[in-house]
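Letter by letter, the sequence shown follows residues 1 to 291 of my numbering. Where a beta carbon is used, it is the ideal one built from N, C-alpha and C, also for glycine.
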Amino acid sequence: MVALSRRVGRPAVTALLLATVVFLIGPIVLTIIASFARSWTGVLPSGFVTLQNWREVLGLAETFGAQRSMGWNPLVTLPFGGGTTLMIPSELAFSVGLALGGVLINLIVGVPIAYAVSRYDFRGKEWVNAVSILPLVPGVILGVAFLRAYPELSGTSVGLIVGYSLLKAPFMVMAVQSEFESMPLRQLEESARSLGASWPRTFLTVIVPNASSGIISGSIICWALAAAEFNFSYIVWAKGTQPLALFLQRHISNSSFTKAAAAVSMFFCIIAVVTLLLQQLGRRGFDTRGH
């Protein structure tokens, strides 16, 4: 019976895992493929391979679609190559900066909250834990409340950063708190303090690096969700350079599917690149060897 279970069970689990992966990844792969097609009127896209969809989405083509695409601003002028100026899409840079700003606030506020709730027993601990995940509400609800509570921040970059941090704070707190609760915090602190380390040094060089997995995971989740936050952005943002979520909505609702596929594929690429960068920066930042 055990041998039969091994022969049947392992292939069944493997097949189920592969089917799940294909089911989840399939739409993403098909969308990326469609972004290089000229049209999609039948079962499958056709007219490969063209870069016109990407050119229009990035604002590199002189068409009506490009007029609604992201603008390009100078990033830096190189001292060589005849003073070549590197350009960057304004909406892309704007959105990445907004989401990273929200993540920074989540780190500064969320990590200490997660530590305090995991490490200490104090009166009102349950309330602190509940309040830390209270903003886990739809963006449209927080957006309406934000307009009334902070009208001076509405339509500003600071308002979006603060709103993103409020909306995504629970994900940071829960990810880091789970990591802290799996650690022997008291023993780590006592060992470091017995060796002469101050409490701030103990927290920054011992406790935080040991929770690096949760912190990096929380940062990636918060950034990805903030960059794609549409409801809050739509309600709070007024005019000027638009966040990436509004850019995506504009292309998805007013463009052909192949062009919408290029816009969504671009977002997938951004998510992948920023995720890899956050992972690398996190690992290097938490590497205390040699210090």
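CB of Leu-160 within 8 Å of CB of Ser-233, strictly: Taking 8 Å as the cut-off, the Cβ atoms of Leu-160 and Ser-233 count as close.
Could you give the distance in angstroms between the alpha-carbon of Ile-270 and the alpha-carbon of Ile-141? Answer to the nearest angstrom: the Cα atoms are 27 Å apart.
Could you tell me the boundaries of the alpha helix (DSSP H) in which Phe-180 lies? Note, Phe-180: alpha helix (DSSP H), 157-181.
Would you check if the segment 88-105 and the segment 207-226 touch, i.e. whether three or more CB-CB distances between them fall below 8 Å? A contact exists between the segment 207-226 and the segment 88-105.
N-terminal and C-terminal residue of the alpha helix (DSSP H) that Val-111 is part of: Segment 90-119, the alpha helix (DSSP H) holding Val-111.
What residues in its chain sit with their C-beta under 7 Å from that of Gly-214, if we drop five residues either side in the sequence? Within the same chain, Gly-214 has close Cβ partners Ala-175, Val-176, Ser-178, Glu-179.
Could you give the C-beta distance for Ala-262 and Ser-35, rounded to a whole number, given that I count them as a contact under 8 Å? Confirmed, about 4 Å.
Measure from the alpha carbon of Lys-168 to the alpha carbon of each residue in Ala-37, Leu-60, Ala-260, Gly-110, then state which is nearest. Shortest Cα-Cα distance from Lys-168 to any of Ala-37, Leu-60, Ala-260, Gly-110 involves Gly-110.
Measuring alpha carbon to alpha carbon, tell me which of Leu-248, Leu-147, Ser-165 ends up nearest Ser-265. Among Leu-248, Leu-147, Ser-165, the Cα nearest to that of Ser-265 is on Leu-248.
List the DSSP bridge partners of Ser-39. In the DSSP output, where bridge partners are listed per residue, Ser-39 has Ser-46.
What does the alpha-carbon distance come out to for the pair Arg-148 and Glu-229? Cα to Cα, the separation comes out at about 20 Å.
Can you grab the Cα-Cα spacing for the pair Pro-27 / Val-206, in whole Å? One C-alpha to the other measures close to 42 Å.
Where in the segment 182-230 do unbroken runs of the alpha helix (DSSP H), each at least 4 residues long, occur, reported from the N-terminal end onward? For the segment 182-230, whole alpha helix (DSSP H) runs of length 4 or above, ordered along the chain, are 185-194, 199-202, 212-227.
Going by the CB atoms, is the gap between Leu-244 and Phe-268 shorter than 8 Å? For Phe-268 and Leu-244, no; Cβs fall outside 8 Å.
Own chain partners of Tyr-164 with C-beta closer than 7 Å, once the 5 adjacent residues on each side are dropped: Leu-98, Ala-99, Gly-102, Ala-226, Glu-229.
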